[in-house]
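Novice: Residue numbers (our numbering): 44 to 271. Let me begin by handing over the structure; questions about it come next.
Printed below as a string of structure tokens:
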């Protein structure tokens, strides 16, 4: 519970939490995001204090069972269970890969943050807290297979200290003028097939995405009937 919260230390922390056999405090300051499908009856708490101001990313890396918005993870600055402020949070929906799995916030050095896992299904979760101002990719570009003349959209989601600068590449070579968060390609031709990636930089560091393969297939034209 809140009074027995677990202390986390460091800037890159992997930690586990189980709602099994846990209980929810009586009349806590605030529960997990109010978009949960069911009212949370179980909570687990952690506390963490950064040594300097930084961007913080919290990821839900695995779950013991499918969670369809029955659980939530929330960060607060709480003086006690009744007084404080909600900073950031998310509902957990393991049905959508890459979605509802991470969130970020700006942390102030020396401030004590409380992290609450709340739910009602006795699930076990593994999580990661990463404190870094350098770019950190939370959602990688995805490989795609299309046919000629189709359109393609590659996207990347990044956390860290804004602003970010993007440069997309094809087979390791920079694509001229492609410096946005998204890469849109229209009327695809076969020579655009290959390995796409993006380099993201800010004032403190650089991150390079995982490769995303674009496979382009050719649809043969349907034979025409010719009158005899």
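The beta-carbon is built from N, C-alpha and C at its ideal position, and this holds for glycine as well.
Ordered along the chain, which non-local residues of its own chain (more than five positions away) have a Cβ less than 7 Å from that of residue 68?
Specialist: 44, 45, 86 and 124
Novice: Determine the DSSP secondary structure at residue 179, reduced to helix, strand or coil.
Specialist: strand
Novice: Considering only the beta carbon of each residue, do residue 129 and residue 119 sit closer than 8 Å?
Specialist: Annotated as proximal: residue 129 and residue 119, with beta-carbon spacing under 8 Å.
Novice: Would the beta-carbon of residue 171 fall within 8 Å of that of residue 57?
Specialist: yes
Novice: So, helix, strand or coil for residue 235, using DSSP?
Specialist: helix
Novice: Alpha carbon to alpha carbon, how far is residue 173 from residue 54? Give it in angstroms, no decimals.
Specialist: 6 Å
Novice: Write down the C-beta distance between residue 103 and residue 48 rounded to the nearest angstrom, noting that I regard them as a contact closer than 8 Å.
Specialist: The pair is not a contact, with the Cβ atoms about 19 Å apart (cut-off 8 Å).
Novice: Is it buried or exposed for residue 27, if we count other Cβ within 10 angstroms and need 16 for buried?
Specialist: Here the chain has residues from 44 to 271 only, and residue 27 is not among them.
Novice: Who are residue 173's beta bridge partners in DSSP?
Specialist: 55 and 100
Novice: Check this for me: beta carbons of residue 115 and residue 133, under 8 Å apart or not?
Specialist: yes
Novice: To the nearest angstrom, report how far apart residue 220 and residue 131 are at their CA atoms.
Specialist: Straight-line measurement puts the Cα of residue 131 at about 35 Å from the Cα of residue 220.
Novice: Just reading off the beta strand (DSSP E) that residue 160 is part of, what are its end residues?
Specialist: 156–162
Novice: Bridge partners of residue 145, per DSSP?
Specialist: 102
Novice: In or out: residue 157 buried (at least 16 other Cβ within 10 Å) or exposed?
Specialist: buried
Novice: Could you please give me the residues that DSSP links to residue 251 through a beta bridge?
Specialist: In the DSSP assignment, residue 251 is bridged to 242.
Novice: Please state the DSSP three-state secondary structure of residue 166.
Specialist: coil
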